[in-house]
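Chains as they are written, first to last, in our numbering: chain A, 1 to 291; chain B, 292 to 575. Here's the structure, in structure tokens; my notes come after.
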């Protein structure tokens, strides 16, 4: 599937972090869940209490060079799934999904135009917002099966050591490292994602050529953010204590930490609150409107 | 939790597939923003005939008991709403503070109207009732479309409702719960509690004489719904056809049901039910 992460910072002039949650998960998703051809849609918002604070001193044992103020750069990241790049690029072409007196019609009120009130605006005109839309190459290590309760989701950000060959790095992360990580007790799901090295891979054709993203300033800001990490693991547990026990309190701890030191110039963790807007459907799409 | 089902018949301006798009698309987009909602599922009647579409479909005729004629004329789908309390359900249809605007977060009055499309999406009012549920196997959803079934069952007149529920939740569903590939099993009993007053406008069709007749006629066919989730259709057909289970269930069915019939459903998870205590922030 074609998978996109979009790291987004709120409009901090107008909204607190919790207000941003409501605006994103509420009104914004009311429109964006109707993107044409969308096959899955999750919105991850960083948790109000940091892992550092929840885990305590042990947290410092599992991180390397966590960027200072990393969460100031974003408030949430939607992850969307499409069948392919072509479907993604055409996603904003609206389709009939509103019942009216004339039968099924295109919704004349459908809009994403309030986005600059919600997200970090490019300028005071509030016509555009800044985002880091990134194509992700994923590998499912343990498929996630969601119960009818909120799971704890933890994102492990990692950056490759510069002296390690890129292919060797991917091979080791995809095999040895992932296998080891997958043995953490209490783990409910594990997905590995490498960021596409082309930071335009998700936005070519999606945004117009004159969009902020392609401007010199836009490219500079996006490069700066993406240079902080090369990939992420999505991990699911029942709760943070489960993560702590599985990652820190287990026999795996030493060997994982040794691998971290060998492979990563930086590695750190962020807990996010995952909102399931559209349950991802990895099977072929049905031949009818389905979300 | 408080749980409600609302059965709806599509507006005759729409085909069944157009109704799907209108419900799973526009309508659910507003419904999922109802204040304090804790779960929201849409079930649309499948385009497939269970009795013909699958390997093993002939089983359906064997295990169907007194299916009412033209049952599907009365509905195209049903929604499931979960709230913490009945009060939350009644208060859900109010403007929601979840839209970013030039002054910060603003109220959206369209949520109070759930998109204001009811008269174009449905024929008349939903048949909405409170559900007494028994979770037999907690639903676990993978990242794919599951095969979901609804078994409509009607109690015999000579069995007390309390005993019926007890037998159904006990020995009948216990027997079902061992079927291979089962991802979830929930028993839902329709209750007589009036949850339409205070939720729908007083002038709604559901409160007219004709609306009451229409609803009561639909309700007369069944008293409960057993919902099944499987990885795929073969899990159900193979599992249910297994000799000893099928014989045992058939015996129970002859004692417990005066009617029992199945439908396949296409499930949209508009808000994944969260049975944990609520969060102190906006969460869906």
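Don't be surprised by glycine CBs; every beta carbon is placed ideally from N, CA and C.
Annotated as distal: residue 432 of chain B and residue 1 of chain A, with beta-carbon spacing of 8 Å or more.
In this structure, the CA atom of residue 198 of chain A is about 27 Å from the CA atom of residue 24 of chain A. In terms of CA proximity to residue 371 of chain B, B/422 leads the group B/356, B/336, B/422. Following the DSSP letters along the chain, one finds residue 353 of chain B inside the alpha helix (DSSP H) bounded by residues 350-354. In the three-state DSSP reduction, residue 131 of chain A falls in the coil class, being neither helix nor strand. For residue 389 of chain B, the nearest beta carbon of chain A is closer than 8 Å to its own beta carbon.
In this structure, residue 546 of chain B keeps its C-beta atom at 8 Å or more from the C-beta atom of residue 332 of chain B. When DSSP states are grouped into helix, strand and coil, residue 401 of chain B belongs to the helix group. Comparing alpha-carbon positions, the option among B/341, B/298, B/310 lying closest to residue 555 of chain B turns out to be B/341.
Here DSSP, grouped into helix, strand and coil, assigns residue 482 of chain B to coil. Contact annotation, residue 564 of chain B with residue 329 of chain B: C-beta distance approximately 6 Å; criterion of less than 8 Å satisfied. Around residue 310 of chain B, the same chain offers 301, 302, 335, 367, 368, 412 as residues with beta carbons nearer than 8 Å, after the five sequence neighbours per side are excluded. Judged by DSSP in its simplified three-state form, residue 533 of chain B adopts coil rather than helix or strand. Separation of the CB atoms of residue 417 of chain B and residue 299 of chain B is rounded to 5 Å, and the pair is thereby assigned contact status at 8 Å. For the 8 Å CB-CB criterion, residue 238 of chain A and residue 152 of chain A form a contact. Residue pairing for residue 104 of chain A: DSSP places it in a beta bridge opposite A/99.
Runs of the alpha helix (DSSP H) lying entirely within the segment 468-528 of chain B and spanning at least 4 residues, in chain order: 500-510. Residue 320 of chain B belongs to the set of residues whose beta carbon lies under 8 Å from a beta carbon in chain A. For residue 285 of chain A, the closest of A/36, A/28, A/232, A/196 by C-alpha to C-alpha distance is A/36. Classified as buried, residue 430 of chain B has 16 or more neighbouring CB atoms from the shown chains inside 10 Å of its CB. A Cβ-Cβ distance of about 5 Å is found for the pair residue 480 of chain B and residue 515 of chain B, placing them in contact under the 8 Å criterion. The closest CA to that of residue 420 of chain B, considering only B/571, B/575, B/475, B/491, is found on B/491. Between residue 33 of chain A and chain B, the shortest Cβ-Cβ separation is below 8 Å. Every alpha helix (DSSP H) of 4 residues or more that sits fully in the segment 7-79 of chain A is shown, in chain order, as 17-23, 29-32, 51-55. Look at the beta carbons and you see the segment 8-19 of chain A not touching the segment 241-261 of chain A: under three pairs across the two are nearer than 8 Å.
For residue 240 of chain A, the enclosing alpha helix (DSSP H) has its first and last residue at 240-243. DSSP, read as helix, strand or coil, puts residue 200 of chain A in coil. Look at residue 363 of chain B here: in three-state DSSP terms it is helix. Closest option to residue 406 of chain B, judged by alpha-carbon separation, among A/188, A/289, A/27, A/6: A/27.
If the five residues before and after residue 376 of chain B are omitted, its C-beta is found closer than 7 Å to the C-beta atoms of 293, all from its own chain and listed in chain order. Under the DSSP definition of a beta bridge, residue 559 of chain B partners with B/333. Annotated three-state conformation of residue 217 of chain A is helix, per DSSP. For residue 3 of chain A, no chain B residue has a C-beta closer than 9 Å to its own C-beta; the minimum C-beta separation is roughly 12 Å.
Residue contact check for residue 184 of chain A against chain B: no CB pair falls below 8 Å.
Beta-bridge partners of residue 159 of chain A (DSSP): A/266.
DSSP places residue 387 of chain B in the strand class (E or B) of the three-state scheme.
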